[in-house]
Every structure is written in C-alpha cells, then in structure tokens.
C-alpha cells in the first residue's frame, strides 16, 4: 500500500494479462529501506489463483507522511 501518485506510476509499468500469460515479462520492483535494497519479482507481487492474476498493490493516501507505505505479505514473504 502506498501513496496514490507513486502507485499510479508503478501500476502503469505493470501490464499483466488476466490469465497471467505474461507474468515473466513484468518488472521487478526495488524497495529501498535504510540503505538496503529489496527486490520483488513479479511472482512476489502478483497473485495467481484459479488461472487468474491479481496485482497485490494498492493506493491509499494515509495523510501521515512518515507512514506513507505499508509493506505487507507480498514484501515479507519475499524477503524474510
């Protein structure tokens, strides 16, 4: 979950087909935290269920600048 403006830019780069047939061609997403860079592969942030794809990224303006991003299951699963 992140600020709408940033998420819109990110989502414009993701062009996944509903049947997931182009999953491998989707971009990796790099997240920087305290000087460390974490890479999310498409399979980390795109959920495949029943032959359908869903991007696990959401826009939400929280109104609290220091807490503008929420890194959830997709992030934790890939780096922990």
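Numbering (my numbering), first residue to last: 13 to 92. C-beta atoms are modelled at their ideal positions from N, C-alpha and C, and glycine is treated no differently.
Item: Per-residue DSSP class, three states only, for residue 13; Value: coil
Item: Beta-carbon spacing of residue 51, residue 90 below 9 Å; Value: yes
Item: Beta-bridge partners of residue 50, as assigned by DSSP; Value: 43
Item: CB contact check: residue 79 to chain C, cutoff 9 Å; Value: Absent from the structure is chain C; it holds one protein chain and no more.
Item: Member of 79, 71, 38, 68 whose CA lies at the smallest distance from the CA of residue 28; Value: 38
Item: Reduced DSSP category for residue 23 - H, G, I as helix; E, B as strand; rest coil; Value: helix
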